[in-house]
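These notes concern the structure reproduced below.
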Amino acid sequence: MRLSKLTLCATIIFFSFLSPKVKADNKTLDLKFAGALEFSNTGTLFVGDNFNGAIYAFDIDADSVQDNVKPIRIGDIDVRIANILGVGPRAVEINDMKVHPKSREIFISVSRINGHRSEPAVVKVAQDGGLEVLDLVSYSFTKQNLAHYPDQKTTFKPRGLMGMPPTTKDITKANNKLSSLAIMDLLFHEGELLVSGVAYDDFLSTLRRISYPFDGTQRATNVEMYHIAHDQYETRAPIRAMSIQEIDGKNQLIAAYTCSPLVLIPLDKIVDGAKISANTIADIGNGQPIDMIPYKLNDQNLLFLTSNSRSPQVIPLAGLNDAQVVTDKDFERGPKLDISPIMPFGPVGKSVMFDGSSLHMDLLSDNFFVSITRDVKTGSLNLDSNQTIFPNRLHNLVAEFDFPQYKPGANKKLP
Amino acid sequence: MTIRVKPTLLAVTLTSFLLVAIHREGGIGSTRPSDRAVQLGSAALVSEGSLTVPSRVTQAVELNLPERYWDRARIDYSEVLQVYVDNGKDCCTNKAPIVGSYEADNRSVRFIPKFSFVEGQDYVIRVQHRSANQGVFHKLTPFKIQPKTPVVKPEVTGVYPSGNILPENVLRLYIHFSTPMKPHVAFNYIKLVDASGKVDDAAFMKFKQELWSEDRKRLTVLMDPGRIKRNVSTNLGLGPALQKGESYQLVIDGGWPTANGTKPLASFSKSFVVSEALRELPNSGNWIITAPAIRSKDTLTIKFDRPFDHQLLHKDIKVVSIAGEKIKGKSLIGHHETEWHFKPNEAWMDEQIYIVVDGELEDVAGNNFQDLLDHSVTTETNKIPYIFISVDLL
């Protein structure tokens, strides 16, 4: 008998069932963490606070409606934000970014690290590239506490790569609280705020629908989905990025998870207290999705899905209609790595070139994305505008076109 | 406390700062005139007000306004006074100042940062000046609020094995410090000295990396195994570092700097006598176990047959219930690592418990239950992952 068998069964996870306050609360601003951001169509800014387990809604009036949106490029955006917050660049964590629907100003949520504390801030980037720290207390706001907010004690379980012992960084990751994933993505849709994240119990992946203006009503649904690459039914890992689109004639939530299944959930299934099975239709493969941005290119409706470890994926919405819904019965058993012949699976569209790694992205205008991008060569963090048709820069590439001898058109046939 | 920098003091500070800047740039000709500490004419200083540099993170920056600003109807204070994140060497071109607000009466202006200052961060105060011969120019005053780190006297807080009699083949020494020490210089300070005062330079195993704990407060020092293992070349050439019957001192010289460069370490020494080498496998059958009474919170005690490795004792012995669950409680190492005490958090509930000892638990000479550190190549090792000792409670 090995000791590991004896001790494994002693692993107990405690959940404290705190009774959540679900009333909207409009008193003094007690924001502790500025995380996920979302705008309503009229310019209400929603800020997810994973420390307080609450969503704050600020009325941010547009300074002006911007018709002629210019691309913005700001080098070393992290350093510039740190400068105005009065700290070194390593003391700023950028949590999310969203574009105001009217003014097209860019809003960035950050944590300002000061010793063992962090303070929330939201920074606005104007069309002229000027940075401004929002004086959040000067805006009128409402607050909605999340029902079933996870306890503040439970942390992740250390896990090493493929049977190896966990590294120091793996252990650091495991020291994070589950509640840090309470609010993963926010999505405003027809007077409601959809919130993906984890909730209190062992079936953690949860979708919430919260009416806005906040009136205390919120519906929470536990979501299960079949993950092709992992060959298992997953109920804990939360939705990372989502969008609502009309698929098969009805409004459906398209959701992307880590490693990276795409699922559809009809909106009418998201009712309070339900445990629902999402319809798995695709799997892009390993990696962690970050942003899912609906946009239009050449009259085609598309989704631009970024990942922390893959090239972005351009997914045509038309391909999601009549998609085959799959379960474990449709595949040979066993996990499927990216090199498996069946991967990527389903109507995943195309993987496209993106120079650098986008940490946060949104649509700036009809023709441009705005992205906070880690430069592959210098490691600098830059705010870039990328054309939707070819979302790239050229400065880290040298191609045939860069040579002085190159003449356009002259290379079309053999000399 | 408030540091009020008087104009004369400011002149000294700025002049010396300027000299440093010139020195770094390699000559006055290479400094740019704008946005820089500009050479100060004494005439310019006399008319300028004093600046209050914060010494606490929540303190404002305060500037007494020069007379020409007094009673002026409209002043853009954000033009007059700014604070930047900078070390003052190349401030503040193409850089945005820290966000904050201004409070002013007609004699002084205060800049209150939106977020409090951060200890240890370099800041620069930039004040706009004006003089008849220079026009508008800026003066820079760097400042930093020193972190309030608790003062810990750097000292050796423990050495393990803690006994004064160590076997000839002792392998590992743990030196505990009160604060993290400067790395890569350990063996400039750590010495093995014999009774005649002679230092043995080859006693310890020296790696490219020192074996520090994660908090950098515990250093593992290995006696060179080549000296311990019989009939290997270093053993034949130099003989064992420790000889049975002799006395030695482990000396840690004072002056070793701490990792953060505060006061140096106080010197330390530990005397010990060398006993016979440990050349038998540890035998749990010779351990004396004192069983606690059921339904009590009495301490379970093990008296070992030899001293064990202090660090491994912290993790290699567990107490498990009959159902196989680890019993939670506090363990304590006693009597120079020859005893182990365990006090449960909750009263003992089972009539029988198990002490589970990892087969790789080593004694102070590096011998474990599987093999001796120094064994012949033909000796087979025991494949014992764990040793289960059943204990009947009283």
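Chains as they are written, first to last, in the working numbering: chain A, 29 to 443; chain B, 139 to 532. C-beta: ideal position from N, C-alpha, C; glycine also.
>> Between residue 222/B and chain A, is the shortest Cβ-Cβ distance under 8 Å, so that the two count as touching?
In response: Closer than 8 Å: yes.
> Which whole-angstrom value is the C-beta distance of residue 396/A and residue 414/A, which I expect to be below 8 Å?
Replying inline: That belief holds up - the Cβ atoms of residue 396/A and residue 414/A are roughly 7 Å apart, short of 8 Å.
>> For residue 310/A, count the other beta carbons within 10 Å of its own beta carbon; 16 or more makes it buried, fewer makes it exposed. Which is it?
In response: So residue 310/A ends up on the buried side.
> Alpha carbon to alpha carbon, how far is residue 377/B from residue 311/B?
Replying inline: Between the C-alpha atoms of residue 377/B and residue 311/B there is a straight-line separation of about 20 Å.
>> Can you tell me where the alpha helix (DSSP H) holding residue 372/B begins and where it ends?
In response: First-last of the alpha helix (DSSP H) with residue 372/B: 371-376.
> So, is the C-beta of residue 251/B closer than 8 Å to a C-beta in chain A?
Replying inline: Interface residue, yes.
> Are the Cβ atoms of residue 313/A and residue 372/A separated by less than 8 Å?
Replying inline: Going by C-beta atoms, residue 313/A is nearer than 8 Å to residue 372/A.
> Helix, strand or coil: which one does DSSP assign to residue 347/A?
Replying inline: Note: residue 347/A maps to helix in three-state DSSP.
>> In this structure, how does DSSP classify residue 364/B when only helix, strand and coil are distinguished?
In response: The answer is helix: DSSP assigns residue 364/B an H, G or I state.
> Around the C-beta of residue 295/B, are 16 or more other C-beta atoms found within 10 angstroms, so that it is buried, or is it exposed?
Replying inline: Around the beta carbon of residue 295/B, fewer than 16 other beta carbons lie within 10 angstroms, which makes this residue exposed.
> Assuming residue 60/A and residue 148/A make a contact with CB atoms under 8 Å, what is their CB distance in whole Å?
Replying inline: So it is a contact: roughly 6 Å between Cβ atoms.
> Helix or strand or just coil, what does DSSP make of residue 267/B?
Replying inline: Looking at residue 267/B - three-state DSSP - the assignment turns out to be strand.
>> Under 8 Å, CB to CB, which of the residues in the region 108-127 of chain A have a partner in chain B?
In response: Along the region 108-127 of chain A, going in chain order, the ones with a CB nearer than 8 Å to a CB of chain B are 108, 110, 111, 112, 113, 114, 115, 116, 119.
>> Starting from residue 108/A, trace the alpha helix (DSSP H) in both directions and tell me its first and last residue.
In response: Taken as a continuous stretch (DSSP letters only), the alpha helix (DSSP H) holding residue 108/A covers 105-113.
> Hey, how far is the Cα of residue 613/B from the Cα of residue 262/B?
Replying inline: Absent from the structure is residue 613/B, since the part of chain B shown begins at 139 and ends at 532.
>> Going by DSSP in three states, residue 314/B sits in which element: helix, strand or coil?
In response: The answer is strand: DSSP assigns residue 314/B an E or B state.
>> Give me the residue from 365/B, 255/B, 322/B, 447/B with the minimum Cα distance to residue 306/B.
In response: If we check each option's Cα against that of residue 306/B, 365/B comes out closest.
>> For a test of the three-state rule: what should DSSP assign to residue 254/B, helix, strand or coil?
In response: The three-state reading of DSSP puts residue 254/B in coil, since its state is none of H, G, I, E or B.
>> Going by DSSP, what residue range makes up the alpha helix (DSSP H) through residue 450/B?
In response: From DSSP, the alpha helix (DSSP H) with residue 450/B extends over 448-451.
> Hey, does residue 140/A have any beta-carbon neighbour from chain B nearer than 8 Å?
Replying inline: At least one chain B Cβ lies under 8 Å of residue 140/A.
>> For residue 264/A, count the other beta carbons within 10 Å of its own beta carbon; 16 or more makes it buried, fewer makes it exposed. Which is it?
In response: The Cβ neighbour count for residue 264/A, taken over all protein chains shown within 10 Å, is under 16; the residue is labelled exposed.
>> Please confirm whether residue 432/B has its beta-carbon closer than 8 Å to some beta-carbon of chain A.
In response: It does not: the Cβ of residue 432/B has no partner Cβ on chain A nearer than 8 Å.
>> By alpha-carbon positions, which one of 254/B, 258/B, 220/B, 201/B ends up nearest to residue 245/B?
In response: Residue 201/B is the option with its Cα nearest to residue 245/B.
> Once you ignore the five residues that flank residue 489/B on each side, which residues in its own chain have a CB closer than 7 Å to its CB?
Replying inline: So the list reads 432, 530, 531, once near-sequence residues are dropped.
> Can you give the beta carbon distance from residue 142/A to residue 165/A, rounded, assuming they're within the 8 Å contact cut?
Replying inline: With a Cβ gap of about 18 Å, residue 142/A and residue 165/A do not count as contacting.
> List, in order along the chain, the chain B residues whose C-beta lies closer than 8 Å to that of residue 161/A?
Replying inline: What residue 161/A touches in chain B, judged by beta-carbon distance under 8 Å, is 237, 252, going in chain order.
>> Could you compute how far the alpha carbon of residue 221/A sits from the alpha carbon of residue 126/A?
In response: Each residue's alpha carbon lies about 15 Å from the other.
> Helix, strand or coil for residue 82/A per DSSP?
Replying inline: Collapsing the DSSP output to three states places residue 82/A in a strand.
>> Just verifying my parser: in three-state terms, what is the DSSP assignment at residue 236/A?
In response: It is a strand residue.
>> DSSP three-state label for residue 215/B, please.
In response: In the three-state scheme derived from DSSP, where H, G and I count as helix and E and B as strand, residue 215/B is classed as helix.
> Helix, strand or coil for residue 425/A per DSSP?
Replying inline: Residue 425/A: coil per DSSP, three-state reduction.
>> Let's test the definition: count the other Cβ atoms within 10 Å of the Cβ of residue 249/A and tell me whether it reaches 16, buried, or not, exposed.
In response: Around the beta carbon of residue 249/A, 16 or more other beta carbons sit within 10 angstroms, so the residue counts as buried.
> Does residue 147/A get closer than 8 Å to chain B when you measure Cβ to Cβ?
Replying inline: Chain B places a beta carbon closer than 8 Å to that of residue 147/A, counting this residue as a contact.
> Are residue 256/A and residue 246/A touching if we call contact CB-CB under 8 Å?
Replying inline: No, the Cβ-Cβ distance between residue 256/A and residue 246/A is not below 8 Å.
> Rounded C-beta distance between residue 180/A and residue 207/A? I'm assuming under 8 Å.
Replying inline: About 6 Å separates the Cβ atoms of residue 180/A and residue 207/A, confirming a contact at the 8 Å cut-off.
> So what's residue 49/A in DSSP terms, helix, strand or just coil?
Replying inline: Since pLDDT at residue 49/A reaches only 34, below the 50 mark, its modelled position is unreliable, and no value is offered.
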